[in-house]
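Read the structure below first, then the notes.
Protein chains: 2
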Amino acid sequence: MSSKEYIKGTIKTIVLKLLAENSRMYGYEISQRVAELSDQEIKLTYGALYPILYKLENEGLLSTSSEIIDNRARKYYSLTPKGKEIAKEKVSELQKFSESLKKILMPDPQSNLSLEIWGV
Amino acid sequence: MSSKEYIKGTIKTIVLKLLAENSRMYGYEISQRVAELSDQEIKLTYGALYPILYKLENEGLLSTSSEIIDNRARKYYSLTPKGKEIAKEKVSELQKFSESLKKILMPDPQSNLSLEIWGV
DNA sequence: ATTATATATTTAAGTAAATTAAATATTATG
DNA sequence: CATAATATTTAATTTACTTAAATATATAAT
């Protein structure tokens, strides 16, 4: 992925967003879902994902329940009421940031960069 | 700014993008322009901006020329040919990332979050 | 049999990137 | 005279992420 450097700061919000739409998910599942939704563009590394899950649990935003599925341990995460609140805030903030970024990255019709795009 | 945490990783690309559209800019000007273009949403701190400018210069992506304007030192930065290439790449990568992010953040029509938005 | 791939979690060490904050200096405004 | 605005520099700290290795089971391929 070339997008690797841009994920910084967004992982927590992405996790909260997915959990806002799925009553419970486990770490591995979250990572797969992000890859799927982004057409393999965005991949959460486990070294980043799991520590964030623990942190969110410690902050009271997530609750967990461990189960054994097919002899394998699986730890499900769910949003707490507080987590639902924060998820809404964070997602809306990130959407706003994304819009602002778009304004900056929009091709300026005066520039050489955008003239090239139009083949001029 | 609430968007503070999301800027991580994007500053270098933002700087390259502005310099791709303006033949020369100085640090302070870049910071003001970003704030202006983003309606004050995105603010580059100087502690982040200037070290990135030095780094880009060291990597051969920027060239500089210092001038004294109104008795104040001012250091102009311009893209080198290599800088122009990299700017194109980086901007396109960030746009791609932004699109992927949008897919993930898009309200899932099945979710409680989006039902709430629609007042259901 | 055994090798590889997929599932699933944990965590330590190292690095990179940004925040915060202070220093410096001039001009313009109230 | 104080404050705000312009303009750059840089050190100390903090945070966040990458890389990598460890652990364990199931399934598919050779």
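Just so you know, the protein sequences line up as chains A and B, in that order.
Yeah, the first sequence ends on 120 if you go by my numbering, and it's all consecutive.
Yeah, the second sequence ends on 240 if you go by my numbering, and it's all consecutive.
Ideal placement from N, C-alpha and C gives every residue a C-beta, glycine not left out.
Only a predicted model underlies this, so the values are computations on that prediction, with no experimental measurement involved.
query, result
"Element boundaries [alpha helix (DSSP H), containing A:E29]", "G27 to L37"
"Cutoff 7 angstroms: B:G129 Cβ touching any chain A Cβ", "yes"
"Contact under 7 angstroms by Cβ, A:L94 with A:T13", "yes"
"Proximal chain B residues relative to A:L105, where beta-carbon distance stays under 9 angstroms", "T133, I134, K137, V211, L214, Q215 and S218"
"Where B:T184 falls, given that 16 or more other Cβ within 10 Å makes a residue buried", "exposed"
"Beta strand (DSSP E) runs contained entirely in the stretch 46-77 of chain A, provided each spans 3 or more residues", "62-69"
"Buried versus exposed call for B:I150 [16 or more other C-beta atoms within 10 Å across all chains shown]", "buried"
"Cβ pair A:I86, A:L53 closer than 7 angstroms", "no"
"Straight-line Cα distance separating A:L79 from A:P107", "39 angstroms"
"Proximal residues to A:V91 (C-beta, below 8 angstroms), its chain only, five neighbours per side dropped", "T13, L16, K17 and A20"
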